[in-house]
Amino acid sequence: MSYIPGWAVFGQAGIALLFPLLANILYKGLYSLVGSGRAVESPGTKNANPSKGQSASQAGVDPAPAPREFSGDYAADLSYIKSTIGRNSDLHFKEFTMTRVQRQAVLIFVDGMQDDRQLNLQILQYLMNEATAESLSAQGMSGPGLPFSQLSEASDLTLFNQSVLFGHAGLLVEGLPQGLLIEPPASTDRTLGEPVSEALLRGPRLGFSEVLSVNTSILRRQGFNDQLEMISYRAGTRIQRDIVLAYMKDIVNPELLKEVETRISKLDIDFLAESGYIEQLIEDNYLSPFQQVQNTERPDRVINALLEGRIAILLDGTPFALIVPVTFSMLLQSPEDYYERWLPSSLIRMLRFAATFMALMAPALYISFISFHPGLIPTELALSIIETRQNVPFPSVIEVLILEISIEILREAGIRLPKPVGPAMGIVGGLIIGDAAVNAGIVSPFLVIVVAVTAISSFSIPMYSAGLTLRLLRFVGMGFAAFLGMFGTILFFLLICSHLTRLKSFGVPYLTPVSPFRLSDWKDLFFRSPLSLMKRRPVMMKTQNSRRKS
Amino acid sequence: MYRRLLPLILCLSLLAATQTGCWSSKEIEDLALYTGLALDKGELTKAEQELEDKGITYSKQNKITATIQVIPVKTTGSKDKQGGQQGTPYQNVSGTGDSLLEIFRQYSIRNERPIVGHHLKVIVISAELLKQQSIGQLMDFVLRDNDIRPSSMVFISQGRAEETMVSKRSDEVPSVHIRQMLRNRSRTSKVLSPMILSKLDALIHSKRSFALQNLVTADGETEFAGAAVVKGGTGHWVGNLNQEDTECLSWLTGKGDTGVIKAYDWDNEPMTYEMKAMKSKIKARSDGDKIRFEVSIETEGRLIETWNTSSILSSGDNTEKAAKLFEEKLKQMMEHMISKLQQDYKADVAGFGDALSIQQPRAWKKVEDHWDEVFSRARISFKYDLKITDFGSFTE
Amino acid sequence: MFTRTDDKITATQAAVFLNNTVLGAGILTLPRGVSEAVKTPDSWLSVTLGGIIVMAVVTLMVKISQQFPGKTIFQYAGRIVGRVPGAVLCLLLVLYFLILAGFEIRSLAEVTLFFLLEGTPIWAIVLPFIWAGTYLVYGGINSIARVFQIVFPISIMILMICYALSFRLFDIDNLRPVLGNGIMPVIRGLKSTVLVYSGCEVILTLVAFMQKPGQAVKTMLIGIGIPVGLYLLTVVMVIGGLSIDSVITSTWPTIDLIRSFEISGFLFERMEFPLMVIWLMQMFCNFCSFFFQASLGLSQILKLKVHPVIYMLVPVIFISAMIPKTVNEVFSLGDFIGRMGLVLFLLLPVLLSIIWLIRTKGLKQHV
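For the record, the sequence lines run as chains R, F and W. The first sequence begins at 1 in our numbering and counts up by one. The second sequence begins at 1 in our numbering and counts up by one. The third sequence begins at 1 in our numbering and counts up by one.
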């Protein structure tokens, strides 16, 4: 049997088996190791104590430590409050007597969180001079009796404490069983401005701000509609923050909504500093280099997504809203595509796809052509490359790495630099270093073109985070190319394809509508067909209501 | 478990990375691309002669001398190029032996860069060598090699082939120059349609005769001059066709539809016909064993130049007369070419065999093996149709 | 259902799946294979004729699979011919898929070694390729079908561009005379054409995965029709461009055709680069398809989970790819596969359907 191969082949076969096995074990191991911190993986047990609010907003919250009930006794409650949070120097206790009913009361507020004038002039004046017994009677508790627009009662002392420290003005009146919370914190908000990360030439110059209520109001202000529903949650085991889910009630697929609700309710972390935390905690596969949640500062983008049947997640304290589910093509779309006319928009969109491809593959292709396949490039190009590379002492991989890494450093530095210095830095880095490196014979001029085109291409991607992914993968691709040339590059491409097809964002395959193929969704993929043609919402979202036009 | 596994995997991958490396990776600037290859009768170069005198050689017969044209020449210290003498942008390397690959490998013990054939454009074989060796032998390696593209073109040179790889002008590469000269086929049919390797492969394999473009070098300049006929059965060079024959060959095979015909008119002044369209059709007829061909040639064109100032050409009568004269000239040229092919070379390079095989496959089957013989005896009749459509921007 | 959990594929995906399974190594070798057997320019007739025969067999395969909705051949073969013979048949089929997978990888490696990576050890090409395939196959039929959907349009587009550009070499005389030597050479060529269609057997399992098995006949005929058309185009373009004599002597005639011209002034002067790219991707699809079928078959016959089977098959496929020692052995392996394919491919469905017909119609048994 001369056909039985030698021992070496069997050895290699062993390696062939070993590698995927090890990779699998490693993957699973990593997943279980890291996954233990993930709420989705450990369904709501352990110390996961998420607080799901009722849909009413900001009421009925039960914080983590055992709440202490109001005793009903004014003095005892006041002394409890003083003993727990009284040491804060910015906390003010304004004790006074209500003259009409002759009761003791105390107004508790944090310095700077309330409009002082209003506090002194109106609230105190009213309480001291005008408040009557009827308006404080038990029935009038939550509202009509007291002339405050925002008034709620704290169910327990702990919540009362937290709310006061968050900026509410707390009112404790002798004889009332519970503390009242009046006047939400005055917004110490910046003025609304144009979103920095997603600048457009045409389109609303309005971005989200850091205050949740402002953000939700911006969404509401998009237009008259009674189907836009917003549900608020509160998450965070140590410091709690408000999260709002926004969706169109008659469009969104209920199963998707349920899935998102489940994931949100399982958030398990002590503090959500930014919506990026939520993103990373609810995404399907955190080992994937691709983001499975889209973030945006633009309300118009959010509202359009909602109309497609997607769900937006807004977090207090950050201007970045999240949109789920996301598909790959969304990362390359910009709201402007829809604002401009369809022909130029379509062309620009295709340009972006091409740019993405270049940003991902250009250095890898360069390496494979220069180091592996001189026979695949045109003769004249080959000649000019040879001439320019004759003084370069490095193999192309090292050459590319040098330049790519310096570009990456430059980029990173450019973000940190103060605004006036940034562009200067770009010029210094891009032009001078590039030119000097060529003159010094470290890199070839041809490579400078390649790297520059790559960098510019990656800037043309409308989503910053998608650009990050590509930057990361570019280096992987270069590695593949350095090993196996063209073959490696193709392998890399196939691996990315394999990975993308396996990836899902909230149950929606990441590459829809390319694959699985949905022809009707192609109207809004590589090109943006005229608006009159887009009669239906994306099929992939399986919306309740599919027609955009009546 | 993973704590222990992880370092192991790291070590393994490190080992793999260091031990494997990039096997096929060769930087492009470390390679010597050759764009031209010239094959000559074996004749030792000066350096080789000296080496041989010193007894440094290997077992070989000096049957062929292969010259490759390497570009670009490595310029070290390109900064002070202006100071030194301007060298040529190419470098010719020659070697002698009896195996093309062995000669190629022999270059590697003399040069610092390995040669690669991805960019080979032009192969020139000297007619002398082709008398000695068959084209199949010479082209075998070139056809087998994985680097050399089948799009490389093959030419024959009248003199030594390596001379075509030298140019007087210092700024151009002769092999690229030859390749680019082919663009002029839009102006003249004296240049045959280029013979690329894959076509040559088919011709060699089917043992057909064929014509290759001839190159002649004079005073450091290379010119396309006629065609060389390679006999199918033997694969040897048998003779040349002159420029006019080559032109006729192009027209006949339908590969060329440009060119001029010059004739002398009734006052013995030259007049020139510029071809605008050319159609030729070969009809094969076989009655029994007799094979005969009817060729019809139709052409249209304009009378573009005449030195005759006395008579007006555009008058109907004279136009007819002029057309007749051109037809006569064309007939002369064609018949000269055909007689050369049939009588002198006994080689069908004009595609009569193809016509027969397509139109009369049965008859072709019978004569396939000794086609060139049959061809030389076949009767070929011509029918011409030459039309003068206009007179340029003159009305007369 | 918003999130689909069932492993079903749509009609489009099924058609693309079949196309990408069949379209592969043949693009580069078919013109030579057929021409060697036919020896006249009538090869394209052989390919067409072979395509028609294959289409008939495909219809038969679909029909029989439709009798057992949701069941693959590995599950229903036993019910038709009895458990043991059924298992033997299925194991034979699995073996066939494994050899095919090995063959595909090996021819890929040979082409890569010859044109792209001279000097790289063969295992360095084969191993990463198998691993990438494993990753994809691990994702199940849906992932595979989706990758196919991405690769398919790219391949078709680039293949068409390559052929369109090679039109400059095309000479209709190279394809003439039609039937100069009668019909016999065409018949002789049929055998080698069937080889390129080997892989059609995936239909026997593919129908089970379809969301709407009712459309299977149309879908599969489209799925096989595309490769038939492309192979026909390949043969016509290659023989028309290179002539029959050149095709017979060339190892990879299609690459030779594409290498025979240069388009100066074009971004890629040399079209073999895109051709190699799509061919490699197509081979990847081929390989993954067979790998998947083999692992599916083995897991269903032996009633194992599919993931361990996938791992088990990795070294087996590697060894089956390494068994041929020379390129000529690779080609003779290809011929062997062609013959084996002929048996499995014609015999299996015909045999199964006859037995099934006898048992249901003749003996009125309930199968």
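A virtual CB, placed ideally from N, CA and C, is assigned to each residue, including glycine. Every value quoted in this text rests on a predicted model; they were computed, and no experiment measured them.
{"Check": "Where Gly143 (chain R) falls: helix, strand or coil (DSSP)", "Outcome": "Model confidence at Gly143 (chain R) stands at a pLDDT of 49, short of 50, so the residue's coordinates are unreliable and nothing is read from them."}
{"Check": "Interface flag, Pro445 (chain R) vs chain W, CB-CB below 8 Å", "Outcome": "no"}
{"Check": "Environment of Arg566 (chain R) [buried if 16+ CB atoms lie within 10 Å]", "Outcome": "Residue 566 (chain R) lies beyond the range of chain R shown here (1 to 550); nothing can be said about it."}
{"Check": "Contacts that Arg113 (chain F) makes with chain W (C-beta to C-beta distance below 7 Å)", "Outcome": "Result: empty, since nearest Cβ-Cβ is about 16 Å, beyond 7 Å."}
{"Check": "Minimum Cβ-Cβ distance from Arg176 (chain W) to chain F less than 8 Å", "Outcome": "yes"}
{"Check": "Three or more C-beta pairs below 8 Å linking the segment 344 to 351 of chain W and the segment 199 to 208 of chain W", "Outcome": "yes"}
{"Check": "Sub-8 Å separation of Ala466 (chain R) and Gln291 (chain R) beta-carbons", "Outcome": "yes"}
{"Check": "Proximity winner among R:Phe166, R:Phe160, R:Ile251, relative to Asp579 (chain R) (alpha-carbon distances)", "Outcome": "An answer regarding residue 579 (chain R) cannot be provided, because it is not within the stretch 1 to 550 covered by chain R."}
{"Check": "Local Cβ density within 10 Å of Gln180 (chain F), reported as buried at 16 or more and exposed below that", "Outcome": "exposed"}
{"Check": "Under 7 Å from the C-beta of Ala284 (chain F): neighbouring residues of chain W", "Outcome": "Under the 7 Å cutoff, chain W gives no residues; its nearest Cβ is about 11 Å from Ala284 (chain F)."}
{"Check": "Cβ-Cβ distance between Leu287 (chain R) and Ile278 (chain R) below 8 Å", "Outcome": "no"}
{"Check": "Separation of Gly225 (chain W) from Leu179 (chain W), as counted between CA atoms", "Outcome": "24 Å"}
{"Check": "Delimiting residues of the beta strand (DSSP E) encompassing Trp237 (chain F)", "Outcome": "237 to 241"}
{"Check": "For Glu387 (chain R), the three-state DSSP class (helix, strand or coil)", "Outcome": "helix"}
{"Check": "Under the three-state DSSP convention, the category Gly117 (chain F) falls into", "Outcome": "coil"}
{"Check": "DSSP state of Ile407 (chain R) mapped onto helix, strand, coil", "Outcome": "helix"}
{"Check": "Simplified DSSP state of Met312 (chain W), which is helix, strand or coil", "Outcome": "helix"}
{"Check": "Unbroken alpha helix (DSSP H) run spanning Gly50 (chain W), endpoints", "Outcome": "43 to 66"}
{"Check": "Simplified DSSP state of Arg146 (chain W), which is helix, strand or coil", "Outcome": "helix"}
{"Check": "Host alpha helix (DSSP H) of Val176 (chain F) (start-end)", "Outcome": "174 to 181"}
{"Check": "8 Å Cβ shell around Pro274 (chain W) - same chain, five flanking residues per side excluded", "Outcome": "Ile158, Ile161, Cys162, Phe268"}
{"Check": "Interface positions of the segment 130 to 163 of chain F facing chain R (Cβ-Cβ less than 7 Å), listed along the chain", "Outcome": "Asp147"}
{"Check": "Buried versus exposed call for Val196 (chain R) [16 or more other C-beta atoms within 10 Å across all chains shown]", "Outcome": "exposed"}
{"Check": "Alpha-carbon to alpha-carbon, Gly36 (chain F) and Val229 (chain F)", "Outcome": "22 Å"}
{"Check": "is_contact[Ile150 (chain W), chain R] using C-beta, thresh 8 Å", "Outcome": "yes"}
{"Check": "Test: Arg377 (chain F) CB closer than 8 Å to a CB of chain W", "Outcome": "no"}
{"Check": "Where Val293 (chain R) falls: helix, strand or coil (DSSP)", "Outcome": "coil"}
{"Check": "Sufficient close CB pairs (3 or more, under 8 Å) joining the segment 312 to 324 of chain R to the segment 436 to 445 of chain R", "Outcome": "no"}
{"Check": "Rounded C-alpha distance that separates Val116 (chain F) from Ser381 (chain F)", "Outcome": "49 Å"}
{"Check": "Proximity test, Cβ basis, 8 Å: Gln12 (chain R) and chain F", "Outcome": "no"}
{"Check": "Cβ neighbour criterion (16 or more within 10 Å) applied to Asn286 (chain W)", "Outcome": "buried"}
{"Check": "8 Å Cβ cutoff, Ile196 (chain F) in contact with chain W", "Outcome": "yes"}
{"Check": "Straight-line gap, Arg100 (chain R) to Asn215 (chain R) (C-alpha atoms, nearest Å)", "Outcome": "41 Å"}
{"Check": "Check whether Leu245 (chain R) and Ile264 (chain R) have beta carbons under 8 Å apart", "Outcome": "yes"}
{"Check": "Contacts of Leu33 (chain F) in chain R (Cβ-Cβ under 8 Å)", "Outcome": "Pro374, Thr379, Ala382, Leu383, Ile386"}
{"Check": "Chain R contact residues for His118 (chain F), given Cβ-Cβ distances below 7 Å", "Outcome": "Pro374, Gly375"}
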